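**Student:**
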Amino acid sequence: MYKEPKILVCGDRAIAVEFGDEISKECNESVIRLYKMLQKKNIEGIDSVIPTYRSLLIKYNPLKITYEKLLQIVKEISESKAENQEAVSAKVYEIPVVYGGEFGPDLDFVAKYNNLTAEEVINIHTQPLYKIYMIGFTMGFAYLGGMSERIATPRLEKPRTEVKAGSVGIAGSQTGIYPLSIPGGWRIIGRTPVKLYNPSSQKPFLFEAGDYVKFVRITEEQYYQIENEVKMNVYQVKISDFANHKIF
Amino acid sequence: MECFKVLNPGFFTTIQDLGRYGYESQGVPNAGAMDEFALRIANILVDNHENAPCLEITLVGPVLEVLNDTMIAVAGAEIQPLVNGFSRPCWSSFPVRKGDVITFRPVKSGFRAYLAVAGGLKGEFAMGSFSTYVNGKLGGVKGRPIAKGDILESGVPKHGLVPKKIRDEFLPIYSEEEEIRVILGPQDNYFTKEAIEIFLNSTYLITEDSNRMGYRLEGPPIKAKEKHDIITDGVVPGSIQVPANGKPIILLKDAPTTGGYVKIATVISPDLSKLAQLKPGDRLKFKAIDLLQAHQVLSEFEDKIGQIKKSLNMVRYFHVRINEKDYDIGLEIL
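Each protein sequence line maps, in turn, to chains A and B. The numbering used here puts the first residue of the first sequence at 6, with every later residue one more than the last. The numbering used here puts the first residue of the second sequence at 3, with every later residue one more than the last.
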């Protein structure tokens, strides 16, 4: 973490507020805090904000808000650390996953690579609360932090031409869920029937940066049941307050 | 109302407005018109909201059958529009009638043209925009370029529309080599002074490997002091990434919202319109300006659009037959 956040000029219509040069919880929390506070304040002239691991990109319209004014707002928020904690409270999404078999064709490889059984991999994978550091790469793709190194596995040598939406994968020491069916090289260990992306919804994406994901193991039978409920639009993802969870 | 039947879609024709904002934190690219200036002018010429969806035509125009009387305008690349074979000027609006067929001659200069319809085109509205984002299958016509047989719809044209034309002094001149203004950063400190000199003093070629996501450039490589990778952070249309091979990539409207390569500079927003008219094989040079100058340029850009709006010339079209031959005559009313 830097002592003072750095302001980087990204052309005539954006700045990045960079809090450090590291992937850390602390650094990301500063990003998320500024992100949520700016969203809450809904400032005229700010077009959009993109939280990433260690910086917040702020797109603005210089014809509506001056660069100086923007810097002043950022500074004020950054300095008022204590207040408005409730503005940065986080949610935990429970994501049901069926592991292995046709849903997770690489589960056995991940187990073998790490000298574990498939059961052990599942246990390790379902333990943590994974923090959503940022969303990028493709629409709705969440970068999750907190996976155990014990199940880290390199990417496929040859990426698949299509990975089904909902697939849960491992790439190095990262884990994540494919929100759409796209090509990809992650080791797929399971799949969720939950829709992370629903283009016709008011809120098209389930996740938001700063929140948490908890994977919960389900059976194939439960998978099809939930899938059905999702189709009928009656399934509700279990969401709880992060404050009520034990921190691992 | 139904306005066109697509008889031939052209090379790559999509529905675009000024883009999709507010969903970048969820990884949704802006998309939107590559040349915002031309799109806005096309809309102004048919009395639309400046953000109304238009057809973005790339290199080869579509063939459209008109399904209802309306008014259209074409701006951007010099691509001669024809109505039933009779030519119509660019940067102007003109009426079309049910049964007319609109075609285009090959592009003479520039790369992308915008066809606006009075009342604005319609399409699928997704996350605050009609813009087509092909990779995400969003907006426009099922999230894809228009295709043969598609029926396009528009809003209802305003009553009493008069064809208009912008004054010649405002017409942009497209060349095959442009100076593109940039602001250095956000990671220019990853490069030596010499590397930045190379970047600013070389001519770069736009390669075939270029599209709405980005332009890949060929030219003298620029090497970072140590590494070309950074912790993935946010990018904007105009961000210039330099991967390890030293060949710059300018990110554009369909680019992802985040990236992990160092960014030496960012193209200023008014010059994205200029950039949009360069095609593979064309050349560009970068010129660094500071933020203050860039905001000055942006104000002037907006002022210019205001002046264009105020100074439109009226045009009237007549169809005449002389010695068994048909002629279309357009008269500019001064």
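Beta carbons are placed, not taken as given, at the ideal position from N, Cα and C, and that holds for glycine. Since we're looking at a predicted model, the values are computed, not measured.
1) One question on the structure: do Ala-120 of chain B and Leu-163 of chain B come within less than 8 Å of each other, judged by their Cβ atoms?
2) Which residue spans inside the stretch 111–198 of chain B form an unbroken beta strand (DSSP E) run of at least 3?
3) CB Cys-5 of chain B to CB Thr-105 of chain B, shorter than 8 Å?
4) Would the beta-carbon of Val-97 of chain A fall within 8 Å of that of Lys-219 of chain A?
5) Could you tell me if Ser-205 of chain A is buried or exposed, where buried requires 16 or more neighbouring beta carbons within 10 angstroms of its beta carbon?
6) In whole angstroms, what separates the C-alpha of Ile-201 of chain A from that of Gly-101 of chain B?
7) Please state whether DSSP places Asp-216 of chain A in a helix, a strand or coil.
8) CB-CB under 6 Å to Ile-28 of chain A, same chain, minus the five flanking residues each way: which ones, in chain order?
9) Round the Cβ separation of Leu-43 of chain A and Val-54 of chain A to the nearest angstrom and send it over; I've been treating them as touching at under 8 Å.
10) In chain A, which residues lie less than 7 Å from Thr-268 of chain B when you measure between Cβ atoms?
11) Would you identify the three-state DSSP class for Gly-308 of chain B, choosing helix, strand or coil?
12) For Thr-143 of chain A, is the classification buried or exposed, using 16 other Cβ atoms within 10 angstroms of its Cβ as the cut-off for buried?
13) With a cut-off of 8 Å on the beta carbons, I'd call Asp-17 of chain A and Ser-271 of chain B a contact; round off their distance for me.
14) Which chain A residues are close to Val-238 of chain B, counting only those with a beta carbon under 8 Å from its beta carbon?
15) Give me the residue from B:Thr-15, B:Arg-22, B:Lys-7 and B:Ala-40 with the minimum Cα distance to Ala-75 of chain B.
16) Quick check on the burial criterion: 16 or more other C-beta atoms within 10 angstroms. Buried or exposed for Phe-210 of chain A?
17) With distance defined between alpha-carbon atoms, name the residue in B:Tyr-263, B:Tyr-217 and B:Pro-245 nearest to Ile-233 of chain B.
18) If you draw a straight line from the C-alpha of Ser-172 of chain A to the C-alpha of Thr-268 of chain B, how long is it?
19) How is Asn-32 of chain B classed by DSSP in three states: helix, strand or coil?
20) Closer than 7 Å, Cβ to Cβ, to anything on chain B: give me those residues from the stretch 217–244 of chain A, in chain order.
21) So, with DSSP's three-state summary, where would you put Val-242 of chain A?
22) Tell me whether the beta-carbon of Pro-11 of chain B lies closer than 8 Å to the beta-carbon of Ile-175 of chain B.
23) Please list the partners that Ser-133 of chain B has in chain A, where partner means a Cβ-to-Cβ separation under 9 Å.
24) Would the stretch 290–304 of chain B and the stretch 183–193 of chain B be scored as touching if the rule is three or more Cβ pairs under 8 Å?
25) Report the rounded CA-to-CA distance for Gly-130 of chain B versus Asn-53 of chain B, giving the unit in angstroms.
26) Is Tyr-72 of chain A close to chain B? Criterion is C-beta to C-beta, closer than 8 Å.
27) Suppose you measure from the CA of Ala-115 of chain B to the CA of Arg-22 of chain B; what does that come to, to the nearest Å?
28) Assuming contact is defined by CB atoms lying nearer than 8 Å, are Ala-44 of chain B and Leu-20 of chain B in contact in what I supplied?
29) Between the C-alpha atoms of Arg-90 of chain B and Pro-188 of chain B, what's the straight-line distance to the nearest angstrom?
30) Please classify Gly-87 of chain B as buried or exposed, where buried requires at least 16 neighbouring CB atoms within 10 angstroms.
31) For my contact list, Lys-255 of chain B and Pro-245 of chain B are in at a C-beta cut-off of 8 Å; report their separation, rounded to the angstrom.
32) Using the rule of at least 16 other Cβ atoms within 10 Å of the residue's Cβ for burial, across every protein chain shown, is Lys-265 of chain B buried or exposed?
33) CA-CA distance, Val-168 of chain A and Leu-112 of chain A?
34) For Pro-10 of chain A, which residues in chain B fall below 9 Å Cβ to Cβ?
35) At the 8 Å Cβ level, is Ile-55 of chain A part of the contact set with chain B, yes or no?
36) Give the single residue among B:Asn-50, B:Glu-126 and B:Gly-221 whose Cα lies nearest to the Cα of Lys-249 of chain B.
**Tutor:** Inspection of the coordinates gives the following:
1) yes
2) 111–119, 153–155 and 179–186
3) no
4) yes
5) exposed
6) Correcting the residue type first, residue 201 of chain A is Leu in the shown sequence and not Ile. When rounded, the distance between both Cα atoms is 45 Å.
7) coil
8) Tyr-58
9) 5 Å
10) Cys-15 and Gly-16
11) helix
12) buried
13) 5 Å
14) Cys-15, Gly-16, Arg-18, Ala-19, Leu-62 and Lys-64
15) B:Ala-40
16) buried
17) B:Tyr-263
18) 35 Å
19) coil
20) none
21) coil
22) no
23) Under the 9 Å cutoff, chain A gives no residues; its nearest Cβ is about 14 Å from Ser-133 of chain B.
24) yes
25) 11 Å
26) yes
27) 20 Å
28) no
29) 45 Å
30) exposed
31) Rounded, the Cβ-Cβ distance is 20 Å, inconsistent with contact.
32) buried
33) 15 Å
34) Result: empty, since nearest Cβ-Cβ is about 13 Å, beyond 9 Å.
35) yes
36) B:Gly-221
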